[in-house]
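Notes to accompany the following structure.
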Amino acid sequence: MLREQVEQLDAKVSSMALQRDPGGSQPARAPTSPFRKPAHTHPTPEGADSRGVLPSTAAFLSNAAVLCFLLLLALLLRTIVEREIIEPVLGTYLGVGYAALLILYGYQRHHRYGRVPPLYTVSGTLLLFTVVYETYSRFHLLSAILSYTLLLLAIVSTTHTGMKFRSPVPLILGVLGGALVGITLGFPNLSFQYAALLLLVANLAAYFAMDLRASRWLIWPIVVLSTLFWLVWLEKLRGTFHSGIQEDIDTLATIYFLPLLCLFVLIYIGMVLYSVMVPERSDPLLERILPLATVLWAFPIAKEMAVATGHSEVGVAKAGVVLAAGLLMLATIVAMHKGKSRAPTSTFTVSSMVLLGMALPSALGGNMSMVLVIWSLVAFLVMAMSRVRENRLSRAVAHTFLLFACAVGVIGGTLTSPSSYLAGISLSLLLAILCLVYYYWCWRRSSFRTTFSTVPSVAVLVIAVAYLFTAGRTVLLSLIDQNDQGGMMNFQAGESILITGGAMLLMWTGSKLKNHDVLTTSMIALLLGAIKVFGFDLFHLRDLPLLLSVLVFGTSAAMGSFTWKRWHQFSG
C-alpha cells in the first residue's frame with residue numbers, strides 16, 4: 239500500500255515537471271517581482287564586443303580601420319592647405335572644427351553606449367593639440383589667447399568626459415597633453431600669463447581626476463611641470479632685467495608673476511585642506527607632500543623675483559610670514575577636525591615652520607635677536623599645541639625648530655657677536671629661561687608626566703643648557719685678551735670647566751629633584767666635556783690651564799659615578 243502511494247507521488251511530480259518544461263531543455267526561472275524595475279543597459283555599438291569592455295579581434299580591426307580613415311581625412315586637409323588650394327587661416331579653422339567634431343562625437347558615443355573605446359575622443363584631442371601647436375609655433379596663424387583658449391577647452395572637455403563616463407584614457411591625455419603643449423607653445427618665448435592659467439586649470443583637473451583609480455598619479459607630473467614652468471619664467475625675467483631691454487620686459491607679463499604665483503600656492507593648499515576635511519577625497523600622499531613641496535619652491539621663487547625686478551624682498555617676506563601663520567592656524571583646525579589622524583596636522587606644522595624660518599629674517603630686516611625670540615616662542619607654541627592631540631611628530635618638529643634657532647644664533651654670531659657682548663649674553667639667558675620655564679610647565683602638569691617622554695624633555699633641557707653655555711662662553715670671551723696666546727689658553731680651559739662644571743651642577747639638581755631628565759642631560763654634558771678635554775685640551779693646552787681642565791673633569795666624573803649609583807639604588 240505504501241509503495242503504491244510513493245509511486246503515485248513520483249508520477250505526479252514527473253508530470254508537473256513536464257508541464258513546467260515540455261521540451262526538457264529550458265531551466266526553471268525564478269519568479270519575477272512586479273515591482274522590480276528592469277536594469278538599464280546601454281545598446282551595444284557597432285564594433286564593440288557585447289561580452290565585455292575589451293574588444294574582440296573583429297572589433298579591434300574595425301577600430302583600426304576607423305582610425306586610419308580619420309587620419310586620412312586630417313592628412314587630406316593638411317595637403318590641401320600646403321598646396322594653397324585654400325587659405326591657411328581657413329584650413330586652420332577647418333582643422334580645429336574637425337577635431338572638435340570628433341571630440342563631440344566621442345562624447346555622444348560615450349553618452350549613448352556607456353563605456354566604449356575612446357577612439358574618437360582621443361583622435362580629436364590629439365588632432366586639436368597638433369593643429370594648435372603647428373599653427374601657433376610654426377605658422378603664427380593663431381593668437382596666443384585663442385590658442386590657449388582652445389587648449390583650455392580641450393582640458394575641460396576631456397576631463398568632463400573621463401569623469402562622467404569613468405574613462406581615464408581621454409582624461410589623462412587631455413590634461414597631461416594640454417599642459418605639455420601649453421608650456422611648449424613658442425618656447426622659450428611663452429605667453430607666460432596664459433600658460434600659467436592653463437596650468438592652473440590642469441592642476442585642478444588632475445586633482446579631481448584622483449577620483450579615478452587609474453589617474454590618481456596624474457597630479458604629480460602636473461605639479462612638477464608647474465614648478466618647472468615657474469623656474470623658466472623666473473630665469474627669463476632675470477635674464478631680461480639684466481639685459482635691460484624694456485620691450486622684452488613688457489612682453490613677459492611681469493605684473494602677473496606674483497599674483498599668479500600666490501594663486502597657485504593658495505590652490506595647492508586648498509586642495510590639501512579639502513582632502514583633509516572630506517574623508518571621501520582623503521589622500522595621504524598628497525596631504526603629506528604637497529604643502530611642504532609648495533613652500534619649498536614657491537617662496538624662493540617669489541623672493542628671487544623681487545630681487546630680479548629691483549624691488550625689496552621685505553614685502554615678499556612679510557607675505558611669507560602671514561602665510562606661515564595661516565598654515566599654523568590650519569594645522570590647529572585640522573587637529574580638531576581630523577580625529578585620530580595626525581599626519582595632515584604635522585604636514586601643515588612643518589610647512590609653517592619651514593616658511594617661517596625662511597621668511598622671518600628678511601621680514602624683520604635682519605634683526606636676528608628678535609628673530610631668535612620669535613622662532614623660540616613659535617616652537618614653544620607648537621609644542622604646547624601638540625599636547626592637545628598628543629602629536630609626537632609635531633612635537634619633534636618643534637624641538638628641531640628650537641634646535642635650529644639655537645644653532646643659527648650660535649653659528650651665525652648673534653649670541654657671540656664681539657660688537658655687543660652684553661646683548662648676546664642677555665639674549666642667551668632669555669632663551670635659556672624660556673626653555674627652562676617651558677620644561678617646568680610641562681613637567682608639572684599631571685597629564686603631561688606620562689606623555690612627555692624622555693627624548694623630548696631632554697631635548698628641551700639640552701637646548702637650555704646650550705644657551706647657558708653660550709652665555710658663559712661669551713662672558714669668558716669678553717674678559718680675555720684674544721691677541722694673547724696665554725689668554726686664549728685660559729679661554730679654552732674655561733670652556734672645558736664650563737661644560738664639566740655645568741654637568742656637576744646638573745647632577746646635583748637632578749639628584750635633589752629626583753628627575754631622570756636632568757640626570758640624562760648631565761650625562762650628555764659630561765660626555766661632551768670628555769670629548770673636549772681628551773680630544774682637544776690634551777694636545778693644545780699646557781701648565782695650569784690643562785691641570786684645571788683635567789681636574790674638573792675628573793671631579794665631575796667621580797660625582798657622576800656616585801650620583802648614578804645612588805639613583806639606581808633609589809629607583810630599584
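Residue numbering for the sequence shown follows this note's numbering, starting at 239 and increasing by one per position. Even glycine gets a Cβ: it sits at the ideal position worked out from N, Cα and C. Keep in mind that this is a model prediction, so the values were computed, not measured.
### Task
Evaluate residue 440 with the Cβ neighbour count: other Cβ atoms within 10 Å of its Cβ, from every protein chain shown; 16 or more gives buried, anything less gives exposed.
Sequence index remark: in the sequence shown, residue 440 carries index 202 (1-based). When all chains shown are included, residue 440 counts as buried.
### Task
Output the boundary residues of the alpha helix (DSSP H) element that contains residue 752.
Numbered from 1 along the sequence shown, position 514 holds the residue referred to as residue 752. Where residue 752 is concerned, there is no enclosing alpha helix (DSSP H), given that its DSSP letter is neither H nor E.
### Message
In the DSSP assignment, the alpha helix (DSSP H) including residue 329 goes from what residue to what residue?
### Response
Counted from its first residue, the sequence shown places residue 329 at position 91. Segment 326–351, the alpha helix (DSSP H) holding residue 329.
### Test item: CB-CB of residue 510 and residue 524 under 9 Å
The residue given as residue 510 occupies position 272 in the sequence shown. The residue given as residue 524 occupies position 286 in the sequence shown. A contact, by the Cβ cut-off of 9 Å.
### Task
State the Cα-Cα distance for the pair residue 340 and residue 458, rounded to the nearest angstrom.
Counting from 1 along the sequence shown, the entry for residue 340 is found at position 102. Counting from 1 along the sequence shown, the entry for residue 458 is found at position 220. In a straight line, the C-alpha of residue 340 is about 29 Å away from that of residue 458.
### Message
Here's the rule: buried if 16 or more other CB atoms are within 10 angstroms of the residue's CB, otherwise exposed. What is residue 475?
### Response
Numbered from 1 along the sequence shown, position 237 holds the residue referred to as residue 475. Classification for residue 475: buried.
### Task
Leaving out five residues on either side along the sequence, give the residues of the same chain with a beta carbon under 8 Å from the beta carbon of residue 364.
The residue labelled residue 364 in the question sits at position 126 within the sequence shown. Contacts found: 411, 415.
### Query
Excluding the five sequence neighbours on either side, which residues of its own chain have a C-beta within less than 6 Å of the C-beta of residue 428, listed in chain order?
Here residue 428 refers to the residue found at position 190 when the sequence shown is read from its first residue. Cβ within range, chain order: n/a, list empty.
### Query
Thinking just about the alpha-carbon of each residue, which of 600, 519, 549, 526 is nearest to the one in residue 559?
One-based indexing of the sequence shown puts residue 559 at position 321. Closest option to residue 559, Cα to Cα, is 600.
### Message
residue 502 and residue 468 - do their beta-carbons sit closer together than 9 Å?
### Response
For the purposes of this step, residue 468 is identified with residue 230 of the sequence shown, where counting begins at 1. For the purposes of this step, residue 502 is identified with residue 264 of the sequence shown, where counting begins at 1. Yes.
### Task
In the DSSP assignment, find the alpha helix (DSSP H) that holds residue 645 and state where it starts and stops.
Here residue 645 is taken as the residue at index 407 of the sequence shown, counted from 1. Where residue 645 is concerned, the enclosing alpha helix (DSSP H) stretches over 630–649.
#### Entry: For residue 737 and residue 773, believed in contact at Cβ under 8 Å, the rounded distance
On the sequence shown, residue 773 is found 535 positions in, with the first residue counted as 1. On the sequence shown, residue 737 is found 499 positions in, with the first residue counted as 1. Their Cβ separation, rounded to whole angstroms, is 12 Å, which puts residue 773 and residue 737 out of contact at 8 Å.
### Task
Kindly indicate which three-state DSSP category residue 798 falls into: helix, strand or coil?
Counting from 1 along the sequence shown, the entry for residue 798 is found at position 560. Residue 798: helix per DSSP, three-state reduction.
### Task
With DSSP as the reference, label residue 404 as helix, strand or coil.
Counting from one through the sequence shown, the residue named residue 404 turns up at place 166. Coil at residue 404, not helix or strand.
### Query
How would you label residue 799, buried or exposed, when you count the other beta carbons within 10 angstroms and need 16 or more for buried?
For this step, residue 799 is matched to residue 561 along the sequence shown. Exposed.
### Message
So, for residue 464: in the same chain, excluding its five sequence neighbours on each side, which residues have a beta-carbon less than 7 Å away from its beta-carbon?
### Response
By one-based count along the sequence shown, residue 464 stands at place 226. Hits under 7 Å: 437, 441, 502.
### Task
Take residue 705 and list the residues in its own chain whose beta-carbon comes closer than 6 Å to its own, dropping the five residues that flank it on each side.
The residue you call residue 705 lines up with position 467 of the sequence shown. Hits under 6 Å: 666, 669, 670.
### Contact under 9 Å by Cβ, residue 435 with residue 504
Here residue 435 corresponds to residue number 197 of the sequence shown, with the count starting at 1. Here residue 504 corresponds to residue number 266 of the sequence shown, with the count starting at 1. Result no, Cβ atoms of residue 435 and residue 504 do not sit closer than 9 Å.
### Task
Measure how close the beta-carbons of residue 654 and residue 648 come, nearest whole angstrom, since I'm counting them as under 8 Å.
As a working note, residue 654 is residue 416 in the sequence shown. As a working note, residue 648 is residue 410 in the sequence shown. Contact holds; Cβ gap of about 7 Å.
### Query
So, are the CB atoms of residue 392 and residue 366 less than 9 Å apart?
By 1-based counting over the sequence shown, the position of residue 392 is 154. By 1-based counting over the sequence shown, the position of residue 366 is 128. For residue 392 and residue 366, yes; Cβs fall inside 9 Å.
### Message
For residue 589 and residue 421, what's the separation of their Cα atoms in angstroms?
### Response
As a first step, residue 589 must be located in the sequence shown, where it is residue number 351. As a first step, residue 421 must be located in the sequence shown, where it is residue number 183. If you take the alpha carbons of residue 589 and residue 421, they lie about 28 Å apart.
### Query
Is it buried or exposed for residue 473, if we count other Cβ within 10 angstroms and need 16 for buried?
Your numbering for residue 473 matches position 235 in the sequence shown. It is exposed - the Cβ of residue 473 has fewer than 16 other Cβ atoms within 10 Å.
### Query
Could you give the distance in angstroms between the alpha-carbon of residue 515 and the alpha-carbon of residue 490?
Translated into positions along the sequence shown, residue 515 becomes position 277. Translated into positions along the sequence shown, residue 490 becomes position 252. For residue 515 and residue 490, the distance between alpha carbons rounds to 38 Å.
### Sequence-distant residues of its chain with Cβ nearer than 7 Å to residue 318 (five each side left out)
Position 80 of the sequence shown, counting from 1, holds the residue named residue 318. Excluding residues within five positions, the ones whose Cβ falls inside 7 Å are 324, 329.
### Close beta carbons around residue 539, own chain, < 8 Å, minus the five adjacent residues each side
Position 301 of the sequence shown, counted from the first residue, corresponds to residue 539. Around residue 539: 468, 469, 472, 499.
### Query
What is the DSSP secondary structure of residue 424, counted as helix, strand or coil?
For the purposes of this step, residue 424 is identified with residue 186 of the sequence shown, where counting begins at 1. Coil.
### Query
Hey, out of 350, 327, 370, whose CA is closest to residue 337's CA?
Translated into the one-based positions of the sequence shown, residue 337 becomes position 99. Taking only the C-alpha atoms, the option nearest residue 337 is 370.
### Task
Excluding the 5 residues preceding and the 5 following residue 788 in the sequence, name in chain order all residues of the same chain whose CB lies nearer than 7 Å to its CB.
Taking the sequence shown and counting its residues from 1, the one referred to as residue 788 is at position 550. These residues qualify, in order along the chain: 771.
### Task
Pick out the complete alpha helix (DSSP H) segments inside the region 359–416, 4 residues or longer, and give them in chain order.
Counting whole runs of 4 or more residues, the region 359–416 contains the alpha helix (DSSP H) stretches 382–402.
### Cβ pair count under 8 Å reaching 3, the region 781–796 against the region 726–746
yes
### Message
Quick check: what's the CA-CA separation for residue 715 versus residue 697?
### Response
The sequence position of residue 715 within the sequence shown is 477, counting from 1. The sequence position of residue 697 within the sequence shown is 459, counting from 1. Taking the straight line from one Cα to the other gives about 27 Å.
### Task
Verify whether the separation of the beta carbon atoms of residue 417 and residue 383 is less than 9 Å.
Numbered from 1 along the sequence shown, position 179 holds the residue referred to as residue 417. Numbered from 1 along the sequence shown, position 145 holds the residue referred to as residue 383. No Cβ-Cβ contact shorter than 9 Å links residue 417 with residue 383.
#### Entry: residue 526: first and last residue of the uninterrupted alpha helix (DSSP H) it sits in
The sequence position of residue 526 within the sequence shown is 288, counting from 1. That run of the alpha helix (DSSP H) goes 522–546.
### Message
As a quick exercise: from 745, 751, 750, 754, pick the residue whose alpha carbon is nearest that of residue 760.
### Response
Residue 760 sits at position 522 when you count from the first residue of the sequence shown. Of the residues 745, 751, 750, 754, the one whose Cα lies closest to the Cα of residue 760 is 745.
### Query
Should the region 748–762 be called in touch with the region 719–726, which here means at least 3 C-beta pairs below 8 Å?
no
### Task
Could you check what DSSP says for residue 663 in three-state terms: helix, strand or coil?
Position 425 of the sequence shown, counted from the start, is the residue given in the question as residue 663. In the structure shown, residue 663 adopts helical secondary structure according to DSSP, grouped into three states.
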